[in-house]
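Chains S and P are the protein sequences, given in the same order.
All residue numbers for the first sequence refer to our numbering, where the first residue is 846 and numbers rise by one.
All residue numbers for the second sequence refer to our numbering, where the first residue is 13 and numbers rise by one.
Here a beta-carbon is modelled for each residue, glycine too, at the ideal position from N, C-alpha and C.
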Amino acid sequence: EPEVTQTPSHQVTQMGQEVILRCVPISNHLYFYWYRQILGQKVEFLVSFYNNEISEKSEIFDDQFSVERPDGSNFTLKIRSTKLEDSAMYFCASSDRRGTGELFFGEGSRLTVL
Amino acid sequence: DQQVKQNSPSLSVQEGRISILNCDYTNSMFDYFLWYKKYPAEGPTFLISISSIKDKNEDGRFTVFLNKSAKHLSLHIVPSQPGDSAVYFCAASLNTGGFKTIFGAGTRLFVKA
């Protein structure tokens with residue numbers, strides 16, 4: 846069964862360092878998302894992406910965050926200068942349909958900022 | 013962002029009985045409402061959805077009810093099984109201009125054998 850894959854599964858970094866989280870969405874999907882979940886809290890929307898453009902972004906997704914689809918398969922989330930409060934589980938998701946909300950999630954990348 | 017609210021952090025139910033999980037929302041522009049299930053160390057998994065123009069959708073043991081006037085939806089699981097023990101997230105999608113899906117805080121369901 847097709848699945849969304851994310852790497853790394855866990856990354857530890859120092860505050861102020863740049864981090865890139867990678868995702869390979871399901872191959873025929875066209876709509877992509879990043880979410881994060883701080884330990885024990887809600888799953889928070891960060892950004893949605895389609896046709897090489899950001900569609901929507903939340904207040905969390907400030908200038909420190911960026912997304913890119915550098916080739917036909919990868920979808921990346923970059924955090925330029927990490928802060929302690931960026932520590933969270935980051936989930937990538939993809940969908941083959943716009944707006945239905947039916948998303949396929951990866952298993953997540955845990956980011957720990959020290 | 014409190015557009016989707018799940019006010020019960022946890023629910024405990026006996027195996028074989030009905031589980032009812034509740035969700036409230038504030039934005040009348042949502043197009044679809046969904047329930048996701050999440051196990052520890054995994055991403056959320058889509059469970060069932062309902063269009064904003066319907067009031068009920070059923071899939072096996074799972075039924076979602078939508079009350080638009082009350083801005084309320086619920087998930088019924090009948091009969092509940094121990095394998096249903098997980099965190100359940102209510103979610104809602106917006107498709108006006110851009111698109112996004114917003115999640116509630118989750119309800120942890122315990123089904124006791």
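From the beta-carbon of S/S893, the residues of chain P found nearer than 7 Å are G110, F111 and K112. In the three-state DSSP reduction, S/E947 falls in the coil class, being neither helix nor strand. Annotation: Cβ neighbours of P/F58 in chain S (cutoff 9 Å, chain order): G946, E947, L948, F949 and F950. If you check the CB distance, S/L959 and S/Q859 come in under 9 Å. Under DSSP, the beta-bridge partners assigned to S/Q856 are S/L956.
Between P/Y44 and P/L59, the C-beta gap is not smaller than 9 Å, which leaves the two residues out of contact. In the DSSP assignment, P/Q18 falls outside any beta strand (DSSP E), carrying neither H nor E. At the C-beta level, P/S22 and P/S92 stay beyond 9 Å of one another. P/I62 sits buried, since 16 or more C-beta atoms from the chains shown fall within 10 Å of its C-beta. S/R925 is classed as exposed because its beta carbon has fewer than 16 other beta carbons within 10 Å across all chains shown. Look at the beta carbons and you see the segment 858-874 of chain S not touching the segment 884-904 of chain S: under three pairs across the two are nearer than 8 Å. Chain P has no Cβ within less than 9 Å of the Cβ of S/R914. The beta carbon of S/S900 lies closer than 7 Å to those of S893 and F894 in the same chain, with the five residues before and after it left out.
Under the DSSP assignment, P/D71 falls in the beta strand (DSSP E) whose first and last residues are K68 to D71. Nearest to S/V857 by alpha-carbon distance, out of S/L929, S/V912 and S/E846, is S/L929. Comparing alpha carbon positions, the residue from S/G946, S/Q851, S/D941 and S/D931 closest to S/F910 is S/D931. At least one CB atom of chain S sits nearer than 9 Å to the CB of P/S61. In this structure, P/L85 keeps its C-beta atom at 9 Å or more from the C-beta atom of P/V99.
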